[in-house]
Amino acid sequence: MRPSEIKIKDITFQFIYHNENHFFGEKKIWIDDFNKVQCSDLEKTLVDCLFKPDCTGGIVEIAKTIHETRDKINFKKLLDYTKKFKSQAVVKRLGFLLEILAIENEIIPELLNMKTDS
């Protein structure tokens with residue numbers, strides 16, 4: 704039995720578990736002079752947030768993040784991750800936010816093609 708929350712030095716961490724197919728897009732980053740940890744890259748973090756917006760402060764916070772980081776996002780990688788993740792919720796939420804934020808991008812037509820009628 705794995706805990707969904709753990710407290711370390713008065714900070715509560717909530718763990719979100721993925722199936723094997725959703726575990727990709729990570730990189731190692733330095734957290735101090737001696738230790739590295741695995742962390743998702745920007746594009747995978749966005750996909751994860753779009754999949755579970757209730758765990759990230761909601762769709763408004765995701766929209767703010769996309770808007771503020773739009774010049775740093777690798778949209779080709781974001782599209783590849785969205786395809787690999789295989790979630791219609793992610794496809795539709797991402798397309799909606801890109802359109803509502805007026806972020807003109809070459810991935811919008813592909814997202815429209817990936818979208819189902821459900």
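In this note's numbering, the protein residues as written are 704 to 821.
The beta carbon of each residue, even a glycine, is placed where N, CA and C say it ideally should be.
Q. Taking the continuous beta strand (DSSP E) assigned at residue 710, which residues delimit it?
A. Working through the sequence shown from its first residue, we reach residue 710 at position 7. Counting along the chain, the beta strand (DSSP E) containing residue 710 begins and ends at 708-711.
Q) Do residue 758 and residue 717 come within 8 Å of each other at the CB atom, strictly closer than that value? A) For the purposes of this step, residue 717 is identified with residue 14 of the sequence shown, where counting begins at 1. For the purposes of this step, residue 758 is identified with residue 55 of the sequence shown, where counting begins at 1. Cβ atoms of residue 717 and residue 758: closer than 8 Å.
Q. Looking only at C-alpha atoms, which of 799, 708 and 723 sits nearest to residue 770?
A. The count along the sequence shown starts at 1 and reaches residue 770 at position 67. Selected option, being the one with the closest Cα: 799.
**Q.** For residue 731, three-class secondary structure by DSSP
**A.** Sequence index remark: in the sequence shown, residue 731 carries index 28 (1-based). If DSSP states are grouped into helix, strand and coil, residue 731 belongs with the strands.
Q) Do residue 795 and residue 818 come within 8 Å of each other at the CB atom, strictly closer than that value? A) Looking up residue 818 in the sequence shown gives position 115. Looking up residue 795 in the sequence shown gives position 92. For residue 818 and residue 795, yes; Cβs fall inside 8 Å.
Q) Taking the Cβ atom as the reference point for each residue, do residue 723 and residue 747 lie within a distance shorter than 8 Å? A) In the sequence shown, the residue the question calls residue 723 occupies position 20. In the sequence shown, the residue the question calls residue 747 occupies position 44. Cβ atoms of residue 723 and residue 747: not closer than 8 Å.
(Q) So if DSSP puts residue 714 in a beta bridge, which residue, or which two residues, is it bridged to? (A) Start at 1 with the first residue of the sequence shown, and residue 714 comes out as number 11. Answer is 711.
Q) With residue 755 and residue 719 assumed to form a contact (beta carbons below 8 Å), what rounded beta-carbon distance in angstroms separates them? A) Mapped onto the sequence shown, residue 755 falls at position 52. Mapped onto the sequence shown, residue 719 falls at position 16. That pair is a contact at about 6 Å.
Q) Which residue's Cα is closest to the Cα of residue 791: 821, 807 and 809? A) Numbered from 1 along the sequence shown, position 88 holds the residue referred to as residue 791. Selected option, being the one with the closest Cα: 821.
Q) Would you say residue 781 and residue 749 are within 8 Å of each other, going by their C-beta atoms? A) For the purposes of this step, residue 781 is identified with residue 78 of the sequence shown, where counting begins at 1. For the purposes of this step, residue 749 is identified with residue 46 of the sequence shown, where counting begins at 1. Going by C-beta atoms, residue 781 is nearer than 8 Å to residue 749.
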